[in-house]
Each structure stands twice: as structure tokens, then as C-alpha cells.
């Protein structure tokens, strides 16, 4: 009996170790602040956080910025960049109105190589026609859909209510960042913050 339980425990540990990680946390710092970020890639987790899985087109990072030694720091979302080394795709954070407001969603598929595989083409527009980062593979036909759904506007409000605030502060600040990258392996992801001289780089393992 004891041998059987030991065998089953070993199988369970092996299964868990082989399962793909869906969340990872990393921490880094410079002379002014400590940055901690937890990256979420699972659609169920994302839906629990913001009430929508964002159609699988976005990853979410829960970020905490902690000033050091009573210093005042300026938090700027545009200084964040999420990179995936598998394909070298990058994204800066989106705000709620770029994701779910009265926006235009353009989605198409293109064939590659032997003609059997296809990749999506995604363009997200919002804020009066402002267009965010675009992944585009060629000029394949695309479907254009105008959002006139009250639920989408409510989602935009929710996203903006939870977003990392932009401000000057000497106190810890936290919030969410939304990146236009579809589900990827955490080991391939890198989040950077700040200018080159003071840049913080986080790798997720």
C-alpha cells in the first residue's frame, strides 16, 4: 500500500512539473524604485480579473511600483514594453478605450508555406480612431466590425479603473497593464521599464 501511494505521488509530481505555467512573478530594481510584475496568460485568469478574456488577444501584467528611500518617481505606462522572444513580437500597454470602446476590430487570416497553416492579422483601434500596435502579415482580406455594444463600453471602464495609474508619487502604486500579445509561453516573455540608463528588465520563468 505504501509503495503504491509513493508511486502515485511520484506520478502526480511529474504531471505537475510538466504542466505549462500560466502565471509567473518577477522583481527588479534600479536606484529609484522596485518593480514587481505578475504576468497572466491563462484566459480564465484574465476573465476573473477584468470580467472578459479579451478574446484571447491580450496578456495582463499586475504591476507594483515601490519608490525607494522616500524618493518621488514618475510612473509612465509608455515606458513599459513586453517582448516575446518567440517571434520577437512586442507591445506597449493599451488603455481600456483602445481595447473595448467604440472601436474597430480588423481580423483576417493568411496562409503561409504549404498553404495549410494560417496566422491571424489583428488591428485594434480606439480613442477616436487611434490605432495601437499592429501585427500584420500581408494584405489578406479582413473582416471589419464596428463595436456599438454597451457591454464593450462597460468593459473599457472596468479596464481603465484597474489600470496602473500614471502619476508622480513617493508611495507604492499598483495596477494592471494590458498588452496586445496572444497566449505565449512565460519563459519567452520579458518586461522592461524605463530609459536605457535606468532600465529594469524582468524575465518570467
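Residue numbers (this note's numbering): 34 to 238.
The beta carbon of each residue, even a glycine, is placed where N, CA and C say it ideally should be.
The structure displayed is predicted, hence computed values, not measured ones.
Task: Pair within 8 Å by beta-carbon distance, residue 207 and residue 197 - done: Yes; because the gap between Cβ atoms is below 8 Å, this pair is in contact.
- [ ] Please name the residue, chosen from 230, 223, 227 and 232, that lies closest to residue 119 on a Cα-to-Cα basis.
- [x] 223
- [ ] Kindly give me the distance between the Cβ atoms of residue 128 and residue 202, rounded to whole angstroms, as I take these residues to be in contact under 8 Å.
- [x] Actually they are not in contact, since the Cβ atoms of residue 128 and residue 202 sit about 19 Å apart, beyond 8 Å.
- [ ] Look up residue 149 in the DSSP assignment and say whether it is helix, strand or coil.
- [x] Low confidence applies here, because residue 149 scores a pLDDT of 45, under 50, leaving its location unreliable; read the following figure in that light. In this structure, residue 149 counts as coil in the three-state DSSP scheme.
Open item on the list: With the cut-off set at 8 Å, would you say residue 209 and residue 190 are in Cβ contact?
Closed with: In this structure, residue 190 does not lie closer than 8 Å to residue 209 by Cβ.
Open item on the list: I need the DSSP call for residue 228, collapsed to helix, strand or coil.
Closed with: coil
Open item on the list: Looking at the strands, I want to know which residues DSSP matches up with residue 99.
Closed with: In DSSP, residue 99 forms a bridge with 67.
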